[in-house]
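**Student:** Numbered per the working numbering, the sequence shown finishes at 700, counting up by one with no gaps.
Every residue, glycine too, gets a C-beta built ideally from N, C-alpha and C.
Provided herewith is a single structure, encoded as structure tokens, for subsequent inquiry.
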Amino acid sequence: MSDRAVLHVRGRVLSGPEDVRDELWVVGGRVSYDRPAGARDVTTVEGWALPGLVDAHCHVGLGAHGPVDADVAEKQALTDREAGTLLIRDAGSPSDTRWVDDREDLPKIIRAGRHIARTRRYLRGYAHEVEPADLVAYVAREARRGDGWVKLVGDWIDRDLGDLAACWPREAAQAAIAEAHRLGARVTAHCFAEDSLRDLVEAGIDCVEHATGLTEDLIPLFAERGVAIVPTLVNIATFPDLAAGGEQRYPAWSAHMRRLHARRYDTVRAAYDAGIPVFVGTDAGGSLPHGLVAAEVQELVTAGLPSLHALAAATWSARAWLGRPALDEGAPADLVVYDTDPREDVRVLAAPRRIVLNGRVVG
């Protein structure tokens, strides 16, 4: 499309869960609900339009063994785009992906800097590995490098214990989270197990990734503090294989991982029922492929979330949580068009009809 070209999206435009409009126009790459005067060179797209999908836990630039080259990162981002993911919260990456910001054809990324983990308590090559005395300094560093988020590794296997265990003393976590907040950043943490959650929430954490360790006594605390979770159920599905691989060396850890996996749907449904904000994230990068956003929305439905709420967790609600517009007047025209109403059956998300990014049809 030329700079003077106009895109006309016609059919049903879901600018909100219940706000359905008949059409929108894209002029100069931005959304308008007013027909432009003298429009010419008009391209029309028909169907059910949603704001570009959000993957709130994704790792562009990360591979199985750490950072990847820019050409691999580009393929990751393009795979996400073709799945309809047009906004990514990159929940930790050792790669510098700022070059993506200059590409009009790639999803927009909100970065959390690089993971911060306890020494020898995370995947090799992924994180800054530090001790509690240095946590505040590293959080400050990543708060300045990121886009308003910092990512901690809240728990991981303790090889001496042979099971999952918290990585940070409460006092260290509290000081680090306070420093991030002082610098205008929110903090999230990777947490599989139960032990780290109370300390992190009472220390002021804003979000917890995976959150498989949420228990009945912890759920009211999350709800009271408004701490969001990003369950990454497509990743939790891998727990049985991980457990099988570590059973001989770490039987307690393997049994723990199986228990967390077995109750995963009940955990997410209980969180949702309690009013805890739940958002879509795939944990793509590392060991998982990109482009799984539709599968994660379906997993939330399987867990018991109403379809509309699962859909909102990848669209309107997720964008509001991350401070980015949906299909608002004057917003960047990032949208995905489907053949049928995704509110009725979220499985349609796996088959985008058209993808529009920055006002241009890209897929």
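Is it the case that the Cβ atoms of ILE542 and ALA560 are separated by a distance below 9 Å?
**Tutor:** Stepping through the sequence shown from its first residue, residue 542 is reached at position 205. Stepping through the sequence shown from its first residue, residue 560 is reached at position 223. Contact: no.
**Student:** From ASP340 to ALA470, what distance separates their C-alpha atoms?
**Tutor:** Here residue 340 refers to the residue found at position 3 when the sequence shown is read from its first residue. Here residue 470 refers to the residue found at position 133 when the sequence shown is read from its first residue. Any reading at ASP340 needs caution, since the residue's pLDDT is 49, under 50, leaving its predicted position unreliable; the model's value is listed next. Taking the straight line joining both Cα atoms gives about 53 Å.
**Student:** Alpha carbon to alpha carbon, how far is GLY389 from ALA649? Give it in angstroms, no decimals.
**Tutor:** Taking the sequence shown and counting its residues from 1, one reaches residue 649 at position 312. Taking the sequence shown and counting its residues from 1, one reaches residue 389 at position 52. Between ALA649 and GLY389, the C-alpha separation is close to 11 Å.
**Student:** Express the C-alpha separation of TYR587 and PRO662 in angstroms, rounding to a whole number.
**Tutor:** If you number the sequence shown from 1, residue 662 lands on position 325. If you number the sequence shown from 1, residue 587 lands on position 250. Rounded to the nearest angstrom, the two C-alpha atoms are 46 Å apart.
**Student:** Starting from the Cα of HIS547, find the closest Cα among GLY521, ILE453, LEU597 and give me that residue.
**Tutor:** The count along the sequence shown starts at 1 and reaches residue 547 at position 210. Cα-wise, what sits closest to HIS547 is LEU597.
**Student:** Quick check: the stretch 649-660 against the stretch 357-368, are at least 3 beta-carbon pairs closer than 8 Å?
**Tutor:** Contact fails: fewer than three Cβ-Cβ distances are below 8 Å.
**Student:** Classify LEU498: buried if its beta carbon has 16 or more other beta carbons within 10 angstroms, exposed otherwise.
**Tutor:** The count along the sequence shown starts at 1 and reaches residue 498 at position 161. The residue is exposed, with fewer than 16 neighbouring Cβ atoms inside 10 Å.
**Student:** Which whole-angstrom value is the C-beta distance of ARG426 and HIS394, which I expect to be below 8 Å?
**Tutor:** The sequence position of residue 426 within the sequence shown is 89, counting from 1. The sequence position of residue 394 within the sequence shown is 57, counting from 1. With a Cβ gap of about 7 Å, ARG426 and HIS394 count as contacting.
**Student:** For VAL693, which residues does DSSP report across the bridge?
**Tutor:** For this step, residue 693 is matched to residue 356 along the sequence shown. VAL693 is bridged to LEU672, VAL698.
**Student:** Classify TRP486: buried if its beta carbon has 16 or more other beta carbons within 10 angstroms, exposed otherwise.
**Tutor:** Here the question's residue 486 lines up with position 149 in the sequence shown. It is buried - the Cβ of TRP486 has at least 16 other Cβ atoms within 10 Å.
**Student:** The beta strand (DSSP E) spanning THR381 covers which residue range?
**Tutor:** The residue labelled residue 381 in the question sits at position 44 within the sequence shown. Counting along the chain, the beta strand (DSSP E) containing THR381 begins and ends at 379-388.
**Student:** Please report the residue range of the alpha helix (DSSP H) in which ALA565 lies.
**Tutor:** Walking along the sequence shown from the start, residue 565 turns up at place 228. From DSSP, ALA565 is part of no alpha helix (DSSP H) but of the beta strand (DSSP E) over 565-567.
**Student:** Mark TRP505 as exposed unless 16 or more other C-beta atoms lie within 10 angstroms of its C-beta, in which case mark it buried.
**Tutor:** To locate residue 505, count along the sequence shown from 1; it is residue 168. By the 10 Å Cβ count, TRP505 comes out buried.
**Student:** Does DSSP classify ASP620 as helix, strand or coil?
**Tutor:** Within the sequence shown, numbered from 1, the residue matching residue 620 stands at position 283. Coil.
**Student:** Consult DSSP for LEU648 and reduce its assignment to one of helix, strand or coil.
**Tutor:** Position 311 of the sequence shown holds residue 648. If DSSP states are grouped into helix, strand and coil, LEU648 belongs with the helices.
**Student:** Which residue marks the beginning of the beta strand (DSSP E) containing VAL363, and which one marks its end?
**Tutor:** As a first step, residue 363 is located in the sequence shown; it is residue number 26 there, counting from the start. Residues 357-364.
**Student:** Going by alpha carbons, who is nearest to ALA715 out of PRO431, LEU423, ALA376, GLU411?
**Tutor:** With the chain running from 338 to 700 in the structure shown, residue 715 is simply not present.
**Student:** Opposite HIS547 in the DSSP bridges: which residues?
**Tutor:** Reading the sequence shown from its first residue, position 210 is the one you call residue 547. DSSP output for HIS547 lists CYS528 as bridge partner(s).
**Student:** Between which two residues does the alpha helix (DSSP H) containing ASP610 stretch?
**Tutor:** As a working mapping, residue 610 is identified with position 273 in the sequence shown. Looking at the DSSP string, the run of the alpha helix (DSSP H) that includes ASP610 is 601-610.
**Student:** Just to check my reading of the structure: LEU351 and TRP385 have Cβ atoms closer than 8 Å, yes? What is that Cβ distance to the nearest angstrom?
**Tutor:** Position 14 of the sequence shown, counted from the first residue, corresponds to residue 351. Position 48 of the sequence shown, counted from the first residue, corresponds to residue 385. Right, their Cβ atoms sit about 7 Å apart.
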